[in-house]
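J.:
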Amino acid sequence: KHLEHERTFNQTWSSNQAVATVAANGTLTGTGGIVPGYTDTVTAIRPLSTSTLSINPGLLYLISTAQNLSFGGVHRYNTWDINYDVYQSISKNSHPGGNRGMTYQIENLGWTFTSSTDFTERYYPTITQTAGPDVTSLSSYRSTSYNENDNIAWDKFLGSTLHVTRRFDTIVPTWIKAGIRTREQDRILEREFFNTQYVGADRVSGRNPATGINDDNLELFGQANPKQGGKIARYPKYPYAATPGSGNQLVREVRASRPEWFQDNVAANTQNPLTGNQKFNEKITGLYIQGNMDIGKLTVLGGVRVETTKVRAEGSRQNVSPAEAALRAAWVGPVTDAEQRRRSTAEFSGRQTVTGEYRYVLPGLHFKYAPTKGLVTRLGYATNIGRPAIGTLIPTTNVNDTTRTVSISNPKLKPQTADNFDLTAEYYFEPAGLISAGVFLKEMRNFIFTSGGATIGAGQDNGYDGQYVGYTLTSQYNGLSSRVRGLELNYQQQFTFLPGFWSGFGIFANYTRLQAEGFYGAGGAISLTNNNTLPTSPTR
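Following our numbering, the numbering of the sequence shown begins with 668 at its first residue and continues without gaps.
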């Protein structure tokens, strides 16, 4: 069992990156936040609504538990070796009470950054406030958000292996080895999410333009100042909302008694638990056989492995049905919290399950030749497979209407495979030295990459029932093929020939040169058809 408790406290000074304009009378105009006349070491910021100080205290409390059980055995006979094992691993990671954090800020600040030319001081600039409210008083700030995010993950692994080796006592020493390996993984993800903003009785964030009063200042939660030392002791003790244990827990308590003082993010609070609940199962079975021969100075090792993979993944399905679209179109007036909750539930509560199965044959052949003492040459060919990450196989869809983007996983991703060719020569010399040189070639297929920029088209068959026309799509795809050629040179030596203390030193040098190219495919824009089905290879 592992417990991890972490408290964070971050401050961010920011303004827009435009330079203000100087009027004829010498006053600053325009929307630029940077005062003209800045240098490499001094930058002044003028007070604007975009010139802010944001403070974000947070608490992470993580509990990880794991149970591992294994059983195995090794049996050796004159010409036979048999070994096997069975194992199980169960783990859980959770944030009880949620990974909590609050963000609050002040606007209309003016300040000057002065950095030092001293290397040890350059990352600790002097910050001098020149305008705006008192940054050391909690009453000067307004809340922008409060989050509780608890991701709970269960992982269960079951596996077994069996290896059998047969040795042949012949003129040419030979052995043959065969075996089987199985592995099954189950993953369950659950997400609890809560986001709100403290707005006070007038339900206006910050100062109310109608009354000129800020009734939602954070003094309600008490004030404390973090301890600080070292180089950060030069900065003011910026305040944070002080509450038992975390600096944020009282937000929940106040909201329970006065919910009208808070504006919940109903859409996110409803959507995130629905989209965050996921299930994944993967079963892999591998069979192999390999053989080895020692022919004097030459050793030959060859074999083949056959792997079968079965995948089943379940995730949320985002969909606005025609009936739901009609209900939204008929709605009159501002969208209430209850209506937003109903809309998010209708859109994201659907589930979808995808399955897949594939089998690969992976041969390998390796030669080792030692013509003289200290010199070893190797020539090898091997194939390998790289499976997509679990997160890319679980069906999910994330839509941002503000940026007009859609990000989706691709459950139809294929594994990426490679043929590897290697030729190396190694020379070992006294005392304790090595020089090696090698060339290699890797021919990869179905390599996985992330791509954005495709535009979702119009029509009911666009993959989203006619929604999100013109939105930009980002997802993962399989490329067609790629090739990597390379040269590697190495030299290393221990200075064992030096006396005493100096004999513990050594030298190491490496030179690597790579040439890589990839073929992503050719054609028009990526298209979506039939309920969010993505192409298995790109067409851009």
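Don't be surprised by glycine CBs; every beta carbon is placed ideally from N, CA and C. For clarity, every value in this text was computed on a predicted model and none was experimentally measured.
Buried or exposed for residue 905, going by 16 or more other Cβ atoms inside 10 Å?
T.: So residue 905 ends up on the buried side.
J.: Of the residues 1054, 773, 1091 and 1087, which one's Cα is nearest the Cα of residue 1079?
T.: Checked all of 1054, 773, 1091 and 1087; the closest Cα to residue 1079 is 1054.
J.: Ordered along the chain, which non-local residues of its own chain (more than five positions away) have a Cβ less than 6 Å from that of residue 1066?
T.: If we look at residue 1066 and ignore the five residues flanking it on each side, its Cβ neighbours are 1073.
J.: Mind checking whether residue 613 and residue 1064 have CB atoms under 8 Å apart?
T.: Only positions 668 to 1207 of the chain appear in the structure, and residue 613 is not among them; the question remains open.
J.: Determine the extent of the alpha helix (DSSP H) in which residue 940 is found, giving its start and end residues.
T.: 933-943 is the extent of the alpha helix (DSSP H) around residue 940.
J.: In whole angstroms, what is the alpha-carbon distance linking residue 1070 and residue 1011?
T.: Their backbone Cα atoms lie some 19 Å apart in a straight line.
J.: By a C-beta neighbour count over all protein chains shown, 10 Å radius and 16 as the cutoff for buried, is residue 1168 buried or exposed?
T.: Flag for residue 1168 reads exposed.
J.: Taking DSSP as the reference, what is the three-state secondary structure of residue 1190?
T.: Residue placement at residue 1190 cannot be trusted, given a pLDDT of 35 that sits under 50; the coordinates are not used to answer.
J.: By Cβ distance below 6 Å, which residues in the same chain neighbour residue 824 in space, the five residues on each side in sequence not counted?
T.: 756 and 852, listed in sequence order.
J.: Between which two residues does the alpha helix (DSSP H) carrying residue 990 extend?
T.: From DSSP, the alpha helix (DSSP H) with residue 990 extends over 989-997.
J.: How far does the beta strand (DSSP E) with residue 1149 in it reach, from first residue to last?
T.: It spans 1148-1161 - the beta strand (DSSP E) in which residue 1149 sits, taken as one unbroken run.
J.: Out of curiosity, what's the CA-to-CA distance linking residue 956 and residue 749?
T.: Each residue's alpha carbon lies about 14 Å from the other.
J.: Give me the residue from 958, 1136 and 1101 with the minimum Cα distance to residue 1156.
T.: Answer by Cα proximity: 1101.
J.: Short of 8 Å in beta carbon distance, which residues of its chain neighbour residue 746, apart from the five on each side in sequence? Order them along the chain.
T.: These residues qualify, in order along the chain: 833, 834, 835 and 836.
J.: Since I believe residue 953 is in contact with residue 979 (beta carbons under 8 Å), could you give me their beta-carbon distance rounded to a whole number of angstroms?
T.: Not confirmed; about 19 Å, so no contact.
J.: Assuming residue 1141 and residue 1117 are in contact, meaning their beta carbons sit under 8 Å apart, how far apart are those beta carbons, in whole angstroms?
T.: That belief holds up - the Cβ atoms of residue 1141 and residue 1117 are roughly 7 Å apart, short of 8 Å.
J.: For residue 1023, which three-state DSSP category applies?
T.: Residue state, collapsed to three classes: strand.
J.: Measure the C-alpha to C-alpha separation of residue 1219 and residue 1104 and round it to an integer number of angstroms.
T.: In the structure as shown, the chain starts at 668 and stops at 1207, and residue 1219 therefore has no counterpart that could be examined.
J.: If you run the structure through DSSP and keep just helix, strand and coil, what is residue 733?
T.: Strand at residue 733.
J.: Taking all protein chains shown into account, do 16 or more other C-beta atoms lie within 10 angstroms of the C-beta of residue 930, making it buried, or fewer, making it exposed?
T.: It counts as buried.
J.: Suppose the cutoff is 8 Å on Cβ atoms and the five residues either side in sequence are ignored; what does the same chain contact list for residue 800 look like?
T.: Once the five neighbours on either side are set aside, the close Cβ partners of residue 800 are 773, 775, 776 and 807.
J.: Expressed to the nearest angstrom, what Euclidean distance is found between the alpha-carbon atoms of residue 1211 and residue 1172?
T.: One cannot answer for residue 1211 here, as it falls past the ends of the chain, which runs 668 to 1207.
J.: Go to residue 1011, then tell me how far its alpha helix (DSSP H) extends in each direction, as first and last residue.
T.: Run containing residue 1011: 1004-1015, per the alpha helix (DSSP H) assignment.
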